[in-house]
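From first to last, the protein sequence lines stand for chains A and B.
In this text, residue positions in the first sequence follow our numbering: the first is -9, and each later residue adds one.
In this text, residue positions in the second sequence follow our numbering: the first is 224, and each later residue adds one.
Take a look at the structure set out below.
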Amino acid sequence: EDQVTQSPEALRLQEGESSSLNCSYTVSGLRGLFWYRQDPGKGPEFLFTLYSAGEEKEKERLKATLTKKESFLHITAPKPEDSATYLCAVRMHASGGSYIPTFGRGTSLIVHP
Amino acid sequence: SAVISQKPSRDICQRGTSLTIQCQVDSQVTMMFWYRQQPGQSLTLIATANQGSEATYESGFVIDKFPISRPNLTFSTLTVSNMSPEDSSIYLCSVRTAPNEQFFGPGTRLTVL
Chain A
-9 EDQVTQSPEA LRLQEGESSS LNCSYTVSGL RGLFWYRQDP GKGPEFLFTL
41 YSAGEEKEKE RLKATLTKKE SFLHITAPKP EDSATYLCAV RMHASGGSYI
91 PTFGRGTSLI VHP
Chain B
224 SAVISQKPSR DICQRGTSLT IQCQVDSQVT MMFWYRQQPG QSLTLIATAN
274 QGSEATYESG FVIDKFPISR PNLTFSTLTV SNMSPEDSSI YLCSVRTAPN
324 EQFFGPGTRL TVL
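What follows is the structure, encoded as structure tokens:
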């Protein structure tokens, strides 16, 4: 059973059409939730880290929020250059004392001009 | 932040051969990781590359198949041994820096024929 579930799998928006991506998690002992952007043929690019429920982070048209069971990535007035796959990862305590992030499968966002 | 480079960026290999992927970071980092990203799948951690000691492998990954070297705090290699078509994937190097942000390299796209 997936510990990190992202929805929707794919999302098509018109330029300027705001929307939200969801990341729900079932892990206990959350030690951080991360959002990444990944462009085709490239490695994930770090966007945000959220640590506690109620926390919010913003960067340009993106805003990430966190509750006890899920996180949302809100995209306000998106532009075609926001098209990418957005990955969510949660970090929990793992054996050996290290914190290993578990990634979701991502949401593929396409913004049409 | 950290700037990470990987070599090669892509390769096409024959079944039964081995490929070594290099990862170079522009600063000294304690924690380096190797991930695999198969089409339509989430990032899967292969192993944590420890400087001065053997790598720590995740369930389902073994040292004979994925030997890792970590000779210093800025460099690591991952070898994919005795390759089969199932090893076709993107392999990503990642580092964790203070304050607990994780960055990824551009990836190595491997195709095994």
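Yeah, the Cβ is synthetic: ideal placement off N, Cα and C, and Gly gets one too.
Does the separation of the CB atoms of Phe62 of chain A and Ala79 of chain A fall below 8 Å?
It is not a contact, given that the beta carbons lie outside the stated cut-off.
With C-beta atoms as the reference, is Ser73 of chain A less than 8 Å away from Leu99 of chain A?
In contact: Ser73 of chain A and Leu99 of chain A (Cβ atoms closer than 8 Å).
Distance, Cα to Cα, Glu7 of chain A vs Val248 of chain B?
Between Glu7 of chain A and Val248 of chain B, the C-alpha separation is close to 38 Å.
Quick one: grab the DSSP three-state call for Pro308 of chain B.
Correct three-state label for Pro308 of chain B: helix.
Tell me Ile244 of chain B's beta-bridge partners as DSSP assigns them.
The partner list for Ile244 of chain B (beta bridge, DSSP) reads B:Leu301.
Nearest chain A C-beta to Phe326 of chain B closer than 8 Å, yes or no?
Chain A contact via Cβ: present.
With a cut-off of 8 Å on the beta carbons, I'd call Gly22 of chain A and Arg95 of chain A a contact; round off their distance for me.
Actually they are not in contact, since the Cβ atoms of Gly22 of chain A and Arg95 of chain A sit about 19 Å apart, beyond 8 Å.
For Ile90 of chain A, which residues in chain B fall below 9 Å Cβ to Cβ?
Near Ile90 of chain A (Cβ distances below 9 Å), the residues of chain B are Phe256, Leu268, Thr271, Glu281.
Take Asn12 of chain A as the anchor and find which of A:Pro70, A:Leu1, A:Ala67, A:Pro91 has the nearest alpha-carbon.
Taking only the C-alpha atoms, the option nearest Asn12 of chain A is A:Leu1.
Determine the DSSP secondary structure at Asp29 of chain A, reduced to helix, strand or coil.
Of the three classes helix, strand and coil, the one that applies to Asp29 of chain A here is coil, per DSSP.
With respect to the beta strand (DSSP E) encompassing Asn295 of chain B, which residues constitute its N-terminal and C-terminal limits?
That run of the beta strand (DSSP E) goes 291 to 295.
Grab me the residues of Ser226 of chain B's own chain with a C-beta within less than 6 Å of its C-beta, minus the 5 sequence neighbours each way, in chain order.
Before going further, note that residue 226 of chain B is Val rather than Ser in the sequence given. The answer, listed in chain order, is Asp249.
Pull up the CB-CB distance for Val318 of chain B and Asp310 of chain B, whole angstroms please, since I reckon it's below 8 Å.
Incorrect: roughly 23 Å between the Cβ atoms, too far for contact.
Span of the beta strand (DSSP E) holding Ala0 of chain A?
Here the beta strand (DSSP E) through Ala0 of chain A covers 0 to 4.
Classify Ser312 of chain B as buried or exposed, calling it buried when 16 or more other Cβ atoms lie within 10 Å of its own Cβ.
Classification for Ser312 of chain B: buried.
Leaving out the 5 sequence neighbours to the left and right, which residues in its chain are closer than 8 Å to Glu281 of chain B when beta-carbon positions are compared?
Only Thr267, Leu268, Ile269, Ala270 meet the Cβ criterion.
Residues of chain B with a CB under 8 Å from the CB of Lys32 of chain A: which are they?
Neighbours of Lys32 of chain A on chain B, chain order: Pro329, Gly330.
Could you name the residues of the stretch 296 to 318 of chain B whose beta carbon sits closer than 7 Å to any beta carbon of chain A, in the order they occur along the chain?
Going along the stretch 296 to 318 of chain B in chain order, one finds Leu315 with a Cβ nearer than 7 Å to chain A.
So, is Tyr41 of chain A buried or exposed, given that buried needs 16 or more other C-beta atoms within 10 angstroms?
So Tyr41 of chain A counts as exposed.
Per the DSSP calculation, Thr320 of chain B is bridged to which residue(s)?
Answer is B:Glu324, bridged to Thr320 of chain B.
Quick one: what does DSSP say Glu71 of chain A is sitting in, helix, strand or coil?
Three-state result, Glu71 of chain A: helix.
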